[in-house]
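Undergrad: Note that the working numbering has the sequence shown beginning at 2, numbered continuously upward.
Beta carbons: idealized from backbone N, C-alpha and C, even for Gly.
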Amino acid sequence: MLVATSELEMERLRALWERTAANGIEREWLNAMELREREPNITGLGGIFVPSSGIVSYRNVTAAMAKIFQARGGEIIYNAEVSGLSEHKNGVVIRTRQGGEYEASTLISCSGLMADRLVKMLGLEPGFIICPFRGEYFRLAPEHNQIVNHLIYPIPGPGNAVFGRASHPNDRWQRDRRAKRGAGF
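So, in structure tokens, the structure goes:
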């Protein structure tokens, strides 16, 4: 659920409403009273409820996909940093920093934060730039888990695709696990 707490955020919420419609996302507009009915402990001017929103374990999802991929004859190479890619008429050659060289008719890249760099290795312009953001979810103790009924997100600021008032790029997120807590924590 996206919740707007100011008139400026309501304008952004309306723009998100239009974008979600264009993307075919099932959603429901909530005025302040409807928001209060669904989330008595949240104060806001309005919101968008997205029934399909949720959290999944990407570790489990990826493991299941890997199992299917391998069952169909795919090979997964772990702990191999890609240092170069080149296309040829039968597929692609992958070179690794560890000295390996692999040929594949089809390459499925699960490069995550490095996806834009791998596209550039092929001599292509990715059309996007990966900008890492750190996000955290907290599991409330059982005696407090009735505070909210849904996942609640604030409205993103201009040019910011990530939800949250403290959302900002962080290129050290893998090295520094000591997150600074914002005013809400």
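Just verifying my parser: in three-state terms, what is the DSSP assignment at residue 62?
TA: Looking at residue 62 - three-state DSSP - the assignment turns out to be helix.
Undergrad: With DSSP as the reference, identify every bridge partner of residue 87, one or two as the case may be.
TA: DSSP lists 94 as partners of residue 87.
Undergrad: Give the straight-line distance between the Cα atoms of residue 94 and residue 23, rounded to the nearest whole angstrom.
TA: Taking the straight line joining both Cα atoms gives about 38 Å.
Undergrad: Tell me whether residue 106, by its Cβ, gets closer than 6 Å to a heavy atom of the ligand ATP.
TA: In the structure shown, the ligand ATP is absent, as is every other ligand, since no ligand is present at all.
Undergrad: Please confirm if the segment 29-43 is in contact with the segment 62-70, defined as three or more CB-CB distances below 8 Å between the two stretches.
TA: No contact exists between the segment 29-43 and the segment 62-70.
Undergrad: Within 10 angstroms of its Cβ, does residue 47 collect 16 or more other Cβ (buried), or is it exposed?
TA: Classification for residue 47: buried.
Undergrad: To the nearest angstrom, how far is it from the Cα of residue 76 to the Cα of residue 119?
TA: In a straight line, the C-alpha of residue 76 is about 19 Å away from that of residue 119.
Undergrad: So, are the CB atoms of residue 51 and residue 28 less than 7 Å apart?
TA: Yes, the Cβ-Cβ distance between residue 51 and residue 28 is below 7 Å.
Undergrad: Mapping the DSSP letters down to three states, classify residue 70 as helix, strand or coil.
TA: Reduced to three states, the DSSP call for residue 70 is helix.
Undergrad: Am I right that residue 54 and residue 152 are in contact with their C-beta atoms under 8 Å? What's the rounded C-beta distance?
TA: Yes, residue 54 and residue 152 are in contact; Cβ-Cβ is about 6 Å, under 8 Å.
Undergrad: Would you report the Cα separation of residue 105 and residue 129, rounded to the nearest angstrom?
TA: If you take the alpha carbons of residue 105 and residue 129, they lie about 25 Å apart.
Undergrad: Secondary structure at residue 8, three-state DSSP: helix, strand or coil?
TA: Three-state result, residue 8: helix.
Undergrad: Is it true that the segment 85-101 meets the segment 134-151, where meeting means three or more beta-carbon pairs spaced less than 8 Å apart?
TA: No, because fewer than three Cβ pairs between the segment 85-101 and the segment 134-151 fall closer than 8 Å, the two stretches do not touch.
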